[in-house]
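A.B. asks: Numbering (mature numbering (1 follows the signal peptide of the UniProt record, and there is no 0)), first residue to last: -18 to -1, 1 to 175.
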């Protein structure tokens, strides 16, 4: 008697696989951001044999009221703003433009920034002050403060030197696709209500 082995493959869009990781020791595929309807989930899939996968855990992404090192560590966010940008040679662009930068927040306090639209690649350090303000390269004179969120992004205003009106307004998206789509539509980011 011959056995027929049927193999079923799940095909995910390429952009979803970019941040997914596989641990061969445990057989878990970690998917940090899976959107179902209007809810974002952090999902771990575990291999159950015969190429069948089950959901090992699925937790909604908890929206913080303020930044914290614990929340940022290991996250990938897509920072979108309308303002100063850089051309492909690293030169300042004239006028305000939509900007998208992918930021990977490493556990050691390093932020790997990849310019996706009108920005450059760079590696920065990051930290969070006692009030939940995010700042980069050890310079707390310009801090980002969470001021709202949706299922697609966190809204943050950047304040310079303790000013009461924001220097810039940013949206930290959870997916590259949402960030790039938003950048196509913006000519500015509205203030938090």
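A virtual CB, placed ideally from N, CA and C, is assigned to each residue, including glycine. From a predicted model like this one, the values you see are computed outputs, not experimental measurements.
Which residue from 147, 145, 142 and 126 puts its Cα closest to that of residue 153?
C.D. replies: Ranking the options by Cα distance to residue 153, first place goes to 126.
A.B. asks: Quick one: give me the first and last residue of the beta strand (DSSP E) that residue 163 is part of.
C.D. replies: Per DSSP, residue 163 belongs to no beta strand (DSSP E); it is in the alpha helix (DSSP H), 158 to 167.
A.B. asks: Just curious, the alpha helix (DSSP H) that residue 52 is in, first and last residue?
C.D. replies: Element bounds for residue 52: 51 to 54.
A.B. asks: With 16 other CB atoms within 10 Å as the buried threshold, where does residue 145 fall?
C.D. replies: exposed
A.B. asks: Assuming residue 83 contacts residue 56 under a Cβ cut-off of 8 Å, what Cβ separation, rounded to an integer in Å, is found between them?
C.D. replies: Actually they are not in contact, since the Cβ atoms of residue 83 and residue 56 sit about 18 Å apart, beyond 8 Å.
A.B. asks: Where does residue 152 fall in DSSP's three states?
C.D. replies: strand
A.B. asks: Looking at residue 65 and residue 74, is the spacing between their C-beta atoms short of 9 Å?
C.D. replies: Taking 9 Å as the Cβ cut-off, residue 74 and residue 65 do not qualify as a contacting pair.
A.B. asks: Identify which residue in 76, 48 and 96 has its Cα closest to the Cα of residue 59.
C.D. replies: 96
A.B. asks: Measuring CB to CB, does residue 49 end up less than 9 Å from residue 110?
C.D. replies: yes
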